[in-house]
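Below is one structure, written out as structure tokens; the observations come after it.
There are 2 protein chains.
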Amino acid sequence: MESQTSVDRKITLNDIAAGCGVSRATVSLVLRGSPLVNKHTRARVEDELRRQGYVYNRAAANLRRRTSSSIALVVNELGNPFFAEFAAGVDEALGEAGFVTLLGSTGESSSREHAVLSSLVEHGPGGIILSPAEGSEARDVLAAVGARTPVLLFNRELGGTLPEYAHWDRLMLDNQRGTRLATEHLIARGHRRIAFFGGHDDSSSSRERYAGYEQAMQAAGLAIAPAWRVESAPTRVDAARATQALLAGDATLTAAVCYNDAVALGLMLGLNQHGRQPGRDFAVTGFDDIAEASLSMPPLTTLSTAPRARGRQAAELILARLRQPQAKAGTVVAPVELVVRESSCPPL
Amino acid sequence: MESQTSVDRKITLNDIAAGCGVSRATVSLVLRGSPLVNKHTRARVEDELRRQGYVYNRAAANLRRRTSSSIALVVNELGNPFFAEFAAGVDEALGEAGFVTLLGSTGESSSREHAVLSSLVEHGPGGIILSPAEGSEARDVLAAVGARTPVLLFNRELGGTLPEYAHWDRLMLDNQRGTRLATEHLIARGHRRIAFFGGHDDSSSSRERYAGYEQAMQAAGLAIAPAWRVESAPTRVDAARATQALLAGDATLTAAVCYNDAVALGLMLGLNQHGRQPGRDFAVTGFDDIAEASLSMPPLTTLSTAPRARGRQAAELILARLRQPQAKAGTVVAPVELVVRESSCPPL
DNA sequence: GGTTACATTTAGATCGTTCTAATCACAGCG
DNA sequence: CGCTGTGATTAGAACGATCTAAATGTAACC
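In structure tokens form, the structure reads like this:
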């Protein structure tokens, strides 16, 4: 047993070539399974590869071939289960296609986003899947990534406008339809005084979700009082904090459509603290259907976005773009589905 | 405004050099902030870099310098919030150090783990942070990564033994102490008939956690019936399924120490389905303190492992190893802390 | 034998950086 | 005037792969 697990020096094509008396080029052909090489030499080379414990240097190959075998994935916050699931889906699908995922997270800060993007782009990813931070501007992002690397925007639009030469693809959720469905559901259950709670209006997804709510309310002939829109950061803690403002604004509300599940869970927490019982005397809906939604007390009525499937889809879209760099940019809108659970009780 | 955002050709050092009449070497020195270059030429070069929209090619630099600026992170399952938080911590700390994270996930399958590792290692990471899949063997992992890339094992031991030349670092949780604390807590509350539920005994973390439980039981003079150990996959659904076996094995149990939070949440679900009320007539403890633990009904008594901090720590350990390749391998055991919530009620 | 065809192999340039060892310009000094 | 020291710059070889174009060997055919 003399497998040469040389700890010190890196094994290259030259070592293999020397080791079995062929040229570097031949070894390279063997590695790539070319039909040009003779059966017999192929076997000899493959033995030698194993014997010396060769590991392929994809970076060198990519340099020469001017290709890339990685995709960068930039998300706001991995701690958010929606993005964690999304990332898992992206990584799964990229892995199956032989690509590797370069991870970056921005913590919802557009300045960190800029830094993360500039760093990632230096590693030469073939493309970038970006879920923009709140308030992220098109021109800043473009400056960070340059015009050469294709970008797939997920979940949110960028602020400002892109120059026409940057044709970026989009994968968006059907935000407006989602909150419309949720609002219609609450109206059907008998609610009339319904708030829209959480999120910041400078994020496009928030505006779209508000629009869906507004659309359903108008269609039902219900006027919206200004106090029925309360903003918050899209996190549990900030939503719990903002509950105070919601209840103070109008004590007669019977339901709220929330920006997302994190906000909805925070609202339920806040309601409890103010002596209200979500699912009993106050109806709540979320958005995303994260794993916690079905576990909360009461279980949360929400919109299922299937984040892992979205991740796979995002991966496939960016890979398709790599194959067709010139195809014109497209926008895919993924459907969402209303999942009715106990938090959307009828009014008392 | 003539910033040359050339969409077609990649800008290299040569382009910059030609663009301002200096040599490639000088531009390279400017990029790396060398004190050798003249103030005035530096300014000229920097202008040109901006003007042409140059982006650094780190892969080429790494090839020449035989260095790496990435670390691979291989985790069982990103959908599990414990690992998602861990990954977030790793990525944060690596990013701050100027490294990029190569992501891979194994879905608890050791064959996928092998494939993922072989693929990642070809991209030449400086090191690998690996949370092994259940039943993953030392020799298989070594075969996949080779002996050149340093590895940091997180959370679990590998099966089998490593050859002595592979000196791998470890970051482990204080599993045994954790379940000992949880068990002592239940005993102090008055429980005597306590099960250990979930996990598979071929994972080292599971064995360690069982050992902590056993230790506390023995110290209290309590004998453990064979029916008090029921295994399950470390997921919510499988734990819910296995609840049946636990209750059928001994109907007089009053409490269970669970392998982790996912299992504990599944058990609570299963208990409800069998007409028992966790936190009222059956006490449950978990392990990990994932975000859902405080939200479940009842809130879960568990062991806080601070996964994000562990992630940062893992990143720091592997970076330290890069700086000191020859230092001898070490094992760090991270402390855990008991968080008492309502699921660990006293017996009726 | 000479020509062609085919299968296999290979030398050498190349990708975009960095590094080593010069080289160059210029001032100061004896 | 030649020598040396210093600051600034650079030519050219690497890094580990791939690719082009050409070379080699062998067999077949006229």
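For the protein sequence lines, the chains are G and D, in the order given.
If you read the first sequence in my numbering, its first letter stands for residue 429, the second for the next number, and so on.
If you read the second sequence in my numbering, its first letter stands for residue 429, the second for the next number, and so on.
We treat Cβ as the ideally placed atom computed from N, Cα and C, and that holds for glycine.
Only a predicted model underlies this, so the values are computations on that prediction, with no experimental measurement involved.
Under the Cβ criterion of 8 Å, V450/G is not counted among the residues facing chain D.
Apart from sequence neighbours up to five positions away, the residues of its chain that approach V768/D with a beta-carbon distance below 8 Å are H613 and T729, ordered along the chain. In the DSSP assignment, I444/G falls within the alpha helix (DSSP H) that extends over L441 to G447. Contact annotation: in the segment 699-717 of chain D, no residue has its CB less than 7 Å from a CB in chain G. When the five nearest sequence neighbours on each side are left out, the beta carbons in the same chain lying within less than 7 Å of the beta carbon of L745/G are those of L580, D597, L599 and V760, in order along the chain. Taking 8 Å as the upper bound for CB-CB distance, E513/D and P735/D are in contact here, some 4 Å apart. Contact of R486/G with chain D is assigned, a C-beta pair being separated by under 8 Å.
Neighbours of K438/D in chain G, taken as residues whose beta carbon is under 8 Å from its own, are R494 and R576 in chain order. Just measuring C-alpha positions, the residue of S633/D, G554/D, A684/D and G640/D sitting nearest L750/D is G554/D. Within the model, the alpha-carbon separation for T495/D versus V528/D is close to 13 Å. Beyond the five residues adjoining it in sequence on each side, S631/D comes within less than 7 Å, by CB distance, of E562 and R584 in the same chain, given in chain order.
Residue pairing by DSSP puts S660/G in a beta bridge opposite G627/G. About 21 Å separates the beta carbon of V549/D from that of T589/D, a gap too long to meet the 8 Å contact definition. Residue pairing from DSSP places T759/G in a beta bridge opposite R598/G.
The Cβ atoms of D629/G and E659/G sit closer than 8 Å to each other. Contact check between the segment 687-694 of chain D and the segment 659-677 of chain D: three or more CB pairs, one atom from each, fall below 8 Å, which counts as touching. Rounded to whole angstroms, the separation of the alpha carbons of S722/D and A711/D is 15 Å. Secondary structure at E565/G: strand, using DSSP grouped into helix, strand and coil. Straight across, the Cα-Cα distance linking R620/G with V685/G is about 12 Å. Judged by DSSP secondary structure, G703/G falls outside any beta strand (DSSP E); it is assigned neither H nor E. Scanning the segment 516-572 of chain D from its first residue to its last, the whole alpha helix (DSSP H) runs of 4-plus residues come out as 538-549. By the CB criterion at 8 Å, A516/G and L501/G fall outside the cutoff.
Here the alpha carbon of Q646/G sits roughly 25 Å from the alpha carbon of T671/G. Not a single C-beta of chain G is nearer than 8 Å to the C-beta of G627/D.
Close partners of V483/D in chain G (Cβ separation under 7 Å): V549, E550 and G574. At a Cβ-Cβ threshold of 8 Å, N490/D and A487/G count as neighbours. At a Cβ-Cβ threshold of 8 Å, G640/G and V544/D do not count as neighbours.
Taking A683/D as reference, the option from P463/D, R704/D and R472/D with the minimal CA-CA separation is R704/D. For E562/D, not one C-beta of chain G is nearer than 8 Å to its own C-beta. Judged by DSSP in its simplified three-state form, G618/G adopts coil rather than helix or strand. Residues V658 of the same chain have their beta carbon placed closer than 7 Å to that of A673/G, with the five preceding and five following residues left out of the count. For the C-beta of T730/D, not a single chain G residue is nearer than 8 Å; the gap to the nearest is close to 15 Å. C686/D is bridged by DSSP to F625/D. Taking each of I615/D, Y638/D, V450/D and V665/D in turn and checking the Cα distance to G649/D, the smallest one comes out for I615/D. Here DSSP, grouped into helix, strand and coil, assigns G587/D to strand.
With 16 or more other Cβ atoms from the protein chains shown falling within 10 Å of its own Cβ, Q741/D counts as buried.
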